[in-house]
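Chains as they are written, first to last, in the numbering used here: chain A, 861 to 972; chain B, 570 to 683.
Quick reminder that beta carbons are idealized off the backbone N, C-alpha and C, glycines included.
Keep in mind the model is a prediction, meaning the values are calculated, not measured.
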Amino acid sequence: DQQVKQNSPSLSVQEGRISILNCDYTNSMFDYFLWYKKYPAEGPTFLISISSIKDKNEDGRFTVFLNKSAKHLSLHIVPSQPGDSAVYFCAAQPGANSKLTFGKGITLSVRP
Amino acid sequence: DTAVSQTPKYLVTQMGNDKSIKCEQNLGHDTMYWYKQDSKKFLKIMFSYNNKELIINETVPNRFSPKSPDKAHLNLHINSLELGDSAVYFCASSGGDPAGNTIYFGEGSWLTVV
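Structure below.
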């Protein structure tokens, strides 16, 4: 029962171009969404988040868009850099300090 | 200065043994977690403690017993280890931001049961 789905296992983009990472969820109780980045042999690192009262949140090169009616969110990275190559996890929770449900992750490769 | 630190990072042990993974956070957070990343790469919550009290306990075998001596520590003890326990275990904490949402992870403990 995957409540958070990242259907594409991998994405490869050219340096300088846009990376778009997609995520879908099924649980309508989720009201807070986060993206984590993970390098090999390290723990997930918080990247950016969005509350369900917003549809967009931007932080530097990273923008997260939320479409509540479609239960869909996406992470845009512009411009993509080789250092962005990592596994990106989408996660969602129904409230503060509550259980975080993760997607399976997507491996992003940014080619120089 | 690591915010969430867990030890050991790598652990290889035989079936049937008992082992512990320790976790400490210096962020002043009230809530701590244990997550497990299995062979299929899913990250799933196991336990959550808030101020030393258990608040989330997912369907985890009772061979797994978390212990929180204070709100800065949450240790995971595993009895009678089985092959299927091989995974990466991540400790995490939250509570520092106003909404209390953002969860910060440790670097993980790679457990291999042989």
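Between L968/A and chain B, the shortest Cβ-Cβ separation is not below 8 angstroms.
With respect to the 8 angstroms criterion, L933/A and L926/A are classified as neighbours on the basis of their beta carbons. Inter-residue distance for K865/A and D884/A is about 5 angstroms (C-alpha atoms, whole angstroms).
For F890/A, there is no enclosing beta strand (DSSP E), as DSSP marks it with neither H nor E. For the stretch 937-959 of chain A, the set of residues with a beta-carbon nearer than 9 angstroms to any beta-carbon of chain B comprises V947, F949, A951, Q953, G955, A956, N957, S958, K959, in chain order. When Cβ-Cβ separations below 8 angstroms define contact, I590/B makes no contact with chain A. For chain B, the residues of the stretch 879-907 of chain A that bring a beta carbon within less than 9 angstroms of one of its beta carbons are Y892, L894, Y896, K898, A901, E902, G903, P904, T905, F906, in chain order. Residue pairing for Y618/B: DSSP places it in a beta bridge opposite M601/B, L623/B. Not a single C-beta of chain B is nearer than 8 angstroms to the C-beta of S870/A.
Pairing G903/A with A930/A, the inter-Cα distance amounts to about 30 angstroms.
At least one C-beta of chain A is nearer than 8 angstroms to the C-beta of G677/B. Secondary-structure assignment with DSSP links F962/A through a beta bridge to A951/A. When C-alpha distances from H598/B are compared across W679/B, G677/B, V682/B, I672/B, the shortest belongs to I672/B. Its Cα nearest to that of L643/B, the residue N619/B stands out among P630/B, N619/B, D654/B.
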